[in-house]
């Protein structure tokens, strides 16, 4: 026989009350509850299943779960939970002896204020909520306009990163870094589309998004997953079937020197031969996320193969974007003519 229990204390509070209405930023709703066994009036410890039945509701309409563009989950995500420069409110409620707690993470896509309460069903079938004569508390959350990133509020900076080489392999590397113009809105991650993936058989061409050959000079464009600084092998290392290239033209380069920026690389490197018969490029694009879950979508441009630029890609602030065929490589022009060793310069 299941034990009957009744709620004797029930409150909801929060420390962060404002969030970007991007559907990803979360703020915590902290629920405190205490129950007793009515048979002997002794404290009763609610099970995880009991606590999981707690629901968030509109404070002024406690009969239905929270909705209308407002969602909640027990799972915390990776984005920041406090607005830039914000000071937390002390509205967490007094914690009574023998209380238990349940935390939900609330998100919204609505630019509005919302008063939120909580409710729980007792074993006797009665719903207890925080807008009643017995218990009365709520949190007032405010969804604010999300940031939509575009070329006006971002910077793409080119660095003359490194160069070197000898013999038949002369190389030059430029890294590009995309950052937010707002120092309080550092970028956190990016979703990349349209590139040679991490399992591509030509090791030095993994993460590449475009390739051009002019005589003995190869121009290779890359973008990289965001993260800490690392060294990667870039260039022509294998044939497309995975066989090692007899005349490798590759170099270990440093990328991702700024972990709060998206990194691109333009590598110019000479080689006697190429594993490709055509120049090619992807319709590459990416979605950038800041630490609060705000996003922007951009397409990658290749300016005369030696430069990289970006342009805005049509999206909403919620990250909705039209589908495309970015994973299909586009072959450019006629078959690549082979160069001659005499075309290779003596220095970078």
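In full-length UniProt numbering, the protein residues as written are 1 to 348.
Even glycine gets a Cβ: it sits at the ideal position worked out from N, Cα and C.
Note that this is a predicted model, so its numbers are computed, not measured.
Classification of residue 114 by the beta-carbon crowding that lies within 10 angstroms, buried from 16 upward: Numbered from 1 along the chain shown, position 114 holds the residue referred to as residue 114. Classification for residue 114: buried.
CB-CB length for residue 281 against residue 209, believed under 8 Å: The residue you call residue 281 lines up with position 281 of the chain shown. The residue you call residue 209 lines up with position 209 of the chain shown. Yes, residue 281 and residue 209 are in contact; Cβ-Cβ is about 7 Å, under 8 Å.
Three-state secondary structure (DSSP) of residue 323: Position 323 of the chain shown holds residue 323. The pLDDT assigned to residue 323 is 42, lower than 50, so where the model puts this residue is not dependable; a value taken from the coordinates is nonetheless given after this. Here residue 323 sits in coil by DSSP.
Heavy atom of the ligand SAM within 7 Å of residue 204 beta-carbon: Summarising the ligand content, the structure contains no ligands, and the ligand SAM is consequently not present.
Buried versus exposed, by CB contacts within 10 Å (16 or more), residue 302: In the chain shown, counting from the first residue as 1, residue 302 sits at position 302. Counting the other CB atoms within 10 Å of its CB gives residue 302 a total of 16 or more, which places it among the buried residues.
Own chain, CB closer than 8 Å to residue 284, minus 5 neighbours either side, in chain order: Stepping through the chain shown from its first residue, residue 284 is reached at position 284. For residue 284, where only same-chain residues beyond five positions count, the Cβ hits under 8 Å are 192, 193, 194, 195, 209, 210, 223, 299, 300 and 326.
For residue 271 and residue 27, the rounded distance between their alpha carbons: Residue mapping note: residue 27 aligns to position 27 of the chain shown, counting from 1. Residue mapping note: residue 271 aligns to position 271 of the chain shown, counting from 1. Residue 27 and residue 271 have their alpha carbons spaced roughly 54 Å apart.
Within 8 Å, strictly: CB atoms of residue 184 and residue 84: Reading the chain shown from its first residue, position 184 is the one you call residue 184. Reading the chain shown from its first residue, position 84 is the one you call residue 84. Against a cut-off of 8 Å, the Cβ pair of residue 84 and residue 184 comes out as a contact.
Contacts around residue 78, its chain only, beta-carbon distance under 6 Å, and the 5 residues preceding and following it disregarded: To locate residue 78, count along the chain shown from 1; it is residue 78. The beta carbon of residue 78 sits closer than 6 Å to no other beta carbon from its chain once the five residues preceding and following it are set aside.
Residues near residue 242 in its chain [Cβ-Cβ closer than 7 Å; skip 5 each side]: Within the chain shown, the letter at position 242 stands for residue 242. Taken in chain order, the residues that qualify are 201.
Complete runs of the beta strand (DSSP E) confined to the segment 210 to 275 [at least 3 residues]: If one requires a minimum length of 3 residues, the beta strand (DSSP E) runs lying completely within the segment 210 to 275 are 217 to 223, 230 to 238, 244 to 255 and 262 to 270, in chain order.
For residue 107 and residue 23, believed in contact at Cβ under 8 Å, the rounded distance: Within the chain shown, numbered from 1, the residue matching residue 23 stands at position 23. Within the chain shown, numbered from 1, the residue matching residue 107 stands at position 107. Going by Cβ atoms, the distance from residue 23 to residue 107 rounds to 6 Å, so yes, they are a contact pair.
Pick from 244, 137, 55 and 292 that is closest to residue 145, judged by C-alpha positions: Within the chain shown, the letter at position 145 stands for residue 145. The shortest C-alpha separation from residue 145 is found at 292.
Contact belief for residue 104 with residue 56 at Cβ below 8 Å, rounded distance in angstroms: One-based indexing of the chain shown puts residue 104 at position 104. One-based indexing of the chain shown puts residue 56 at position 56. Yes, they are in contact, since the Cβ atoms of residue 104 and residue 56 sit about 6 Å apart, within 8 Å.
Exposure label - residue 118; buried when at least 16 CB within 10 Å: On the chain shown, residue 118 is found 118 positions in, with the first residue counted as 1. Classification for residue 118: buried.
Nearest candidate by alpha-carbon position, reference residue 5, set 44, 252, 12 and 18: The count along the chain shown starts at 1 and reaches residue 5 at position 5. Taking only the C-alpha atoms, the option nearest residue 5 is 44.
C-beta contact flag for residue 287 and residue 190 at 8 Å: Position 287 of the chain shown, counted from the first residue, corresponds to residue 287. Position 190 of the chain shown, counted from the first residue, corresponds to residue 190. In contact: residue 287 and residue 190 (Cβ atoms closer than 8 Å).
CB-CB length for residue 143 against residue 19, believed under 8 Å: Taking the chain shown and counting its residues from 1, the one referred to as residue 143 is at position 143. Taking the chain shown and counting its residues from 1, the one referred to as residue 19 is at position 19. Yes, residue 143 and residue 19 are in contact; Cβ-Cβ is about 6 Å, under 8 Å.
Where the alpha helix (DSSP H) through residue 48 begins and ends: To locate residue 48, count along the chain shown from 1; it is residue 48. Secondary structure note for residue 48: its alpha helix (DSSP H) is the uninterrupted segment 48 to 52.
In DSSP terms, what residue 286 is bridged to: Taking the chain shown and counting its residues from 1, the one referred to as residue 286 is at position 286. Looking at the DSSP output, residue 286 shares a beta bridge with 192 and 298.
Nearest candidate by alpha-carbon position, reference residue 29, set 66, 207, 151 and 276: As a position in the chain shown, residue 29 is number 29, starting the count at 1. Taking residue 29 as reference, the option from 66, 207, 151 and 276 with the minimal CA-CA separation is 66.
Where residue 55 sits in the DSSP three-state scheme: Against the chain shown, residue 55 aligns to sequence position 55. Per DSSP, reduced to three states, the secondary structure at residue 55 is strand.
Bounding residues of the beta strand (DSSP E) (the contiguous stretch that carries residue 292): As a working note, residue 292 is residue 292 in the chain shown. That residue, residue 292, is in no beta strand (DSSP E); it is neither H nor E in DSSP.
Residue nearest to residue 349 in terms of C-alpha spacing, selected from 266, 38 and 32: This structure leaves residue 349 out entirely; the chain is present only between 1 and 348.
Sequence-distant residues of the same chain with beta carbon closer than 8 Å to residue 290, five excluded per side: Along the chain shown, one-based indexing puts residue 290 at 290. 147, 149, 180, 185, 186, 187 and 188.
Residue 165 (DSSP reduced to helix, strand or coil): Start at 1 with the first residue of the chain shown, and residue 165 comes out as number 165. Assignment of residue 165 by DSSP, reduced to helix, strand and coil, places it in the strand class.
Residues near residue 42 by beta carbon distance below 8 Å, same chain, minus five either side: In the chain shown, the residue the question calls residue 42 occupies position 42. Cβ neighbours of residue 42 beyond the five flanking positions: 36.
Buried versus exposed, by CB contacts within 10 Å (16 or more), residue 160: Residue mapping note: residue 160 aligns to position 160 of the chain shown, counting from 1. Exposed, because fewer than 16 other Cβ atoms sit within 10 Å of the Cβ of residue 160.
Proximity winner among 234, 54 and 75, relative to residue 170 (alpha-carbon distances): Reading the chain shown from its first residue, position 170 is the one you call residue 170. Nearest to residue 170 by C-alpha distance, out of 234, 54 and 75, is 234.
Cutoff 8 Å; reference residue 259; Cβ partners in own chain excluding five residues on either side: Taking the chain shown and counting its residues from 1, the one referred to as residue 259 is at position 259. Excluding residues within five positions, the ones whose Cβ falls inside 8 Å are 226, 227, 228 and 229.
Continuous beta strand (DSSP E) stretch holding residue 6: start and end: Position 6 of the chain shown, counted from the start, is the residue given in the question as residue 6. Segment 6 to 13, the beta strand (DSSP E) holding residue 6.
Range covered by the beta strand (DSSP E) that runs through residue 3: Residue 3 sits at position 3 when you count from the first residue of the chain shown. In this chain, residue 3 is not harboured by any beta strand (DSSP E), its DSSP state being neither H nor E.
DSSP bridge partner residues for residue 311 (one or two, in chain order): Counted from its first residue, the chain shown places residue 311 at position 311. The partner list for residue 311 (beta bridge, DSSP) reads 299.
Under the three-state DSSP convention, the category residue 204 falls into: For this step, residue 204 is matched to residue 204 along the chain shown. In the structure shown, residue 204 sits in a helix (DSSP, three-state: H, G or I).
Candidates 139, 86, 329 and 306, of which the one nearest residue 158 by Cα: Within the chain shown, residue 158 is the residue found at index 158, counting from 1. Of 139, 86, 329 and 306, the residue nearest in Cα terms is 306.
Length of the line joining the Cα atoms of residue 126 and residue 3: Indexing the chain shown from 1 puts residue 126 at position 126. Indexing the chain shown from 1 puts residue 3 at position 3. Roughly 15 Å separates the two Cα atoms.
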